[in-house]
Amino acid sequence: ADQPAAVWAKANGHRFGFVVRYPWMLHPITGYYYEPWHLRFIGVEATTDMANRGISTVEEYFGVDAAPGYA
4 ADQPAAVWAK
14 ANGHRFGFVV
24 RYPWMLHPIT
34 GYYYEPWHLR
44 FIGVEATTDM
54 ANRGISTVEE
64 YFGVDAAPGY
74 A
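In this note's numbering, the protein residues as written are 4 to 74.
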């Protein structure tokens, strides 16, 4: 997503507790193809930790499997 709001949300959302729920090219992990409009609030502590550790998906962070059969 090249829209200014989408670029800003991806770069800054973690400061406010939001992640792009289904990031680009990570459908094997999330079970869904890229959805730049799909933000999820999981809290500032979790999103800051994800950013600091270089983790891009909720599945990786919480250690859960991808949604079955969608990707």
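Backbone N, C-alpha and C define an ideal beta-carbon position, used for all residues, glycine too.
Starting from residue i, trace the beta strand (DSSP E) in both directions and tell me its first and last residue.
{"i": "Tyr25", "result": "Phe21 to Tyr25"}
{"i": "His30", "result": "From DSSP, His30 is part of no beta strand (DSSP E) but of the alpha helix (DSSP H) over His30 to Thr33."}
{"i": "Pro71", "result": "Looking at the DSSP string, Pro71 is not in any beta strand (DSSP E), and its letter there is neither H nor E."}
Output needed for residue i: all residues of its chain with C-beta closer than 6 Å, excluding positions within five of it in sequence on either side, in chain order.
{"i": "Tyr64", "result": "Met53 and Ile58"}
{"i": "Lys13", "result": "Val23"}
From residue i to residue j, what distance separates their C-alpha atoms?
{"i": "Pro39", "j": "Ile45", "result": "16 Å"}
{"i": "Ala9", "j": "Ala70", "result": "24 Å"}
{"i": "Asp68", "j": "Val47", "result": "23 Å"}
{"i": "Met28", "j": "Tyr37", "result": "7 Å"}
In the DSSP assignment, find the alpha helix (DSSP H) that holds residue i and state where it starts and stops.
{"i": "Arg18", "result": "Element bounds for Arg18: n/a, residue is neither H nor E."}
Tell me, to the nearest whole angstrom, how far the beta carbon of residue i is from that of residue j; I am working on the premise that it is less than 8 Å.
{"i": "Arg43", "j": "Phe21", "result": "7 Å"}
{"i": "Thr60", "j": "Thr33", "result": "5 Å"}
{"i": "His41", "j": "Arg18", "result": "In fact, because the Cβ distance is near 18 Å, the residues do not count as touching under 8 Å."}
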